[in-house]
Ligand code: FES
């Protein structure tokens with residue numbers, strides 16, 4: 001027996017079906033956008049342990065003597081190195097004690113500055129000169145060996 005057109009199953013793409021699919025897709029996308037940060041907050045990814053690395057080469061002394069200061073990374077930790085003729089080489093954490101931005105060396109001004117809220121730090125002591133930072137930059141022991149600067153992390 002042959003089917004007539006009125007007996008065939010509904011397989012047409014209707015405007016209503018297209019809207020249902022689009023609404024369903026946008027609901028799923030919205031929920032993913034809302035839930036992903038919540039899940040990331042509740043179950044953060046494991047962080048690689050940045051443990052004590054001991055003595056790590058951080059820079060060349062010749063380079064540091066020219067720039068008087070630089071921000072670099074040693075053992076995955078941001079550090080700021082400074083050089084002064086009398087004070088020698090100093091090393092500090094480059095993470096601002098205000099809200100955690102990475103500080104920068106202002107070679108034209110001769111101090112360490114946080115670009116986020118303009119905290120300024122003394123390049124020989126790490127002490128706060130001005131700005132909202134509540135405490136000095138934590139120091140690291142630094143030493144010169146030949147033409148290399150080493151930091152103990
Ligand atoms: Fe450095 Fe605010 S994060 S001054």
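In the working numbering, the protein residues as written are 1 to 153. For each residue, glycine too, the CB sits at the ideal point set by N, CA and C.
Judged by DSSP secondary structure, residue 72 falls within the beta strand (DSSP E) whose first and last residues are 69 to 74. In the DSSP assignment, residue 81 falls outside any alpha helix (DSSP H) and within the unbroken beta strand (DSSP E) covering 77 to 84. Taken through DSSP and simplified to helix, strand or coil, residue 146 comes out as coil. Closer than 7 Å to some heavy atom of the ligand FES: that does not describe the Cβ of residue 137. Here DSSP, grouped into helix, strand and coil, assigns residue 58 to strand. For the ligand FES, a non-hydrogen atom lies closer than 7 Å to the CB of residue 99.
For the ligand FES, no non-hydrogen atom lies closer than 7 Å to the CB of residue 94.
Annotation: the continuous alpha helix (DSSP H) that includes residue 18 extends over 15 to 42.
The beta strand (DSSP E) runs lying completely inside the region 78 to 131 and spanning 3 residues or more are 88 to 93, 104 to 106, 111 to 113 and 128 to 130, given in chain order. A residue is called buried when at least 16 other Cβ atoms come within 10 angstroms of its Cβ; residue 74 meets this threshold and is buried.
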